[in-house]
Amino acid sequence: MIKSMTGFGRGEACAEGRRFTVELKSVNNRYCEVILRQPRSLSQVEDKIKRQIQDRVARGRVDGYISIEETGEVTPAVKVDKALAVAYHKSMEELKESLSIPGDISLKDLISLPNVISLEQPEENVEQWFPAIEQACTEALTGLINMRQNEGARLKADILQHAAQIKELILEQVAERAPLVVQEHRAKLTQKLAEWLEEGALDENRLAAEVAIFTDRADISEEIVRLNSHVKQLEQILSEGGAVGRKLDFLVQEMNREINTIGSKANDLMITNAVVNAKSELEKIREQVQNIE
Numbered sequence: 001m002i003k004s005m006t007g008f009g010r011g012e013a014c015a016e017g018r019r020f021t022v023e024l025k026s027v028n029n030r031y032c033e034v035i036l037r038q039p040r041s042l043s044q045v046e047d048k049i050k051r052q053i054q055d056r057v058a059r060g061r062v063d064g065y066i067s068i069e070e071t072g073e074v075t076p077a078v079k080v081d082k083a084l085a086v087a088y089h090k091s092m093e094e095l096k097e098s099l100s101i102p103g104d105i106s107l108k109d110l111i112s113l114p115n116v117i118s119l120e121q122p123e124e125n126v127e128q129w130f131p132a133i134e135q136a137c138t139e140a141l142t143g144l145i146n147m148r149q150n151e152g153a154r155l156k157a158d159i160l161q162h163a164a165q166i167k168e169l170i171l172e173q174v175a176e177r178a179p180l181v182v183q184e185h186r187a188k189l190t191q192k193l194a195e196w197l198e199e200g201a202l203d204e205n206r207l208a209a210e211v212a213i214f215t216d217r218a219d220i221s222e223e224i225v226r227l228n229s230h231v232k233q234l235e236q237i238l239s240e241g242g243a244v245g246r247k248l249d250f251l252v253q254e255m256n257r258e259i260n261t262i263g264s265k266a267n268d269l270m271i272t273n274a275v276v277n278a279k280s281e282l283e284k285i286r287e288q289v290q291n292i293e
């Protein structure tokens with residue numbers, strides 16, 4: 001199946017009291033390039049996510065956005081710095097003694113001092129999160145690829161339509177017209193021959209040279225055969241599908257070369273007009289091929 005290089009997909013999954021959202025957007029690119037934007041805590045699984053995307057996307061720039069949202073209450077851990085509390089208590093006892101201050105030092109006095117008791121968020125276990133992230137990424141990839149396939153089907157239909165126009169213009173109209181052009185030129189030469197005979201000034205070398213030059217310039221049979229082969233190959237590639245963008249790009253260049261050669265050999269207004277129209281259709285194919293994976 002033909003795929004476009006443009007698309008969008010979104011996926012979500014939950015784990016460990018968190019919701020992971022993955023959004024993927026792809027645009028045209030000569031190669032496969034994956035750019036991820038995610039929280040710093042996910043840096044250690046970034047390569048895994050990139051490989052997951054690259055396994056299913058052959059060409060195009062894919063921009064990925066990963067976000068984390070807490071969906072449940074996360075209970076922080078209480079940390080007690082006992083060494084610091086002992087140091088505080090010792091210093092307070094020394095201060096109380098040196099200043100002759102009466103009274104006892106209570107637990108409340110100690111825990112109210114800075115950093116004796118602190119709250120810590122639970123340690124983030126990214127490896128435990130990864131299955132959920134992978135699931136969200138799979139869902140986003142499915143949406144992305146479905147959109148690329150739908151757009152690819154439209155591109156395929158459009159390319160085949162323009163290819164049909166080229167077949168009609170070159171492989172039918174021009175192929176039918178080309179022999180008539182040679183016949184018309186032969187008739188003109190025959191008329192000139194008659195005039196030269198009347199004037200007694202027939203130059204056989206000149207006549208042979210004109211016939212040879214025109215025959216060489218007007219013979220486009222090989223170009224038509226090759227162009228016909230290219231069009232059939234184009235249709236075959238589109239039918240087989242897959243990552244064929246580069247192959248189609250090369251094939252379009254070959255088609256352009258044959259059409260240009262036909263145009264350079266044309267010595268006829270009808271053929272020239274057909275070539276101009278065929279080049280216009282081929283340019284539309286070229287534009288669409290740039291969007292194919």
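Reading the sequence shown from the start, the letters are residues 1 to 293 in full-length UniProt numbering.
All residues carry an ideal CB built from backbone N, CA and C; glycine is no exception.
Count the other CB atoms, across all protein chains shown, that sit within 10 Å of the CB of residue 59; report buried if there are 16 or more and exposed otherwise. buried
Going by alpha carbons, who is nearest to residue 278 out of 16, 187, 171? Comparing alpha-carbon positions, the option among 16, 187, 171 lying closest to residue 278 turns out to be 171.
Once the 5 residues before and after residue 263 are set aside, which same chain residues still bring their CB inside 7 Å of it? 272, 275
Report the three-state DSSP secondary structure of residue 91 (helix, strand or coil). helix
Residue 175 to residue 252, Cα distance in whole Å? 20 Å
Are residue 22 and residue 127 close, meaning C-beta to C-beta below 9 Å? no
Considering only their Cβ atoms, is the gap separating residue 152 from residue 8 smaller than 9 Å? no
What beta strand (DSSP E) runs, 3 residues minimum, are completely inside the region 94 to 160? Runs found: 117 to 120.
Residue 7 (DSSP reduced to helix, strand or coil): strand
Distance, Cα to Cα, residue 42 vs residue 100? 56 Å
When DSSP builds the beta bridges, which residues end up paired with residue 26? 7, 62
Rounded C-beta distance between residue 5 and residue 240? I'm assuming under 8 Å. Rounded, the Cβ-Cβ distance is 18 Å, inconsistent with contact.
Any idea what DSSP makes of residue 292, helix, strand or coil? strand
Bounding residues of the beta strand (DSSP E) (the contiguous stretch that carries residue 167): Element bounds for residue 167: n/a, residue is neither H nor E.
Could you spell out the range, first to last residue, of the beta strand (DSSP E) harbouring residue 33? First-last of the beta strand (DSSP E) with residue 33: 32 to 37.
Answer yes or no: do residue 62 and residue 159 have a C-beta to C-beta separation smaller than 9 Å? no
Starting from residue 78 and walking both ways along the beta strand (DSSP E), at which residues does that stretch end? 77 to 80
Output needed for residue 270: all residues of its chain with C-beta closer than 7 Å, excluding positions within five of it in sequence on either side, in chain order. 177
Thinking C-beta only, is residue 11 closer than 9 Å to residue 36? No; because the gap between Cβ atoms is not below 9 Å, this pair is not in contact.
Using only the alpha-carbon positions, how far apart do residue 242 and residue 118 sit? 58 Å
Could you tell me which residues DSSP pairs with residue 15 in its beta bridges? Beta bridge pairing from DSSP links residue 15 with 18.
For residue 68, the three-state DSSP class (helix, strand or coil): Strand at residue 68.
Rounded C-alpha distance that separates residue 224 from residue 39: 58 Å
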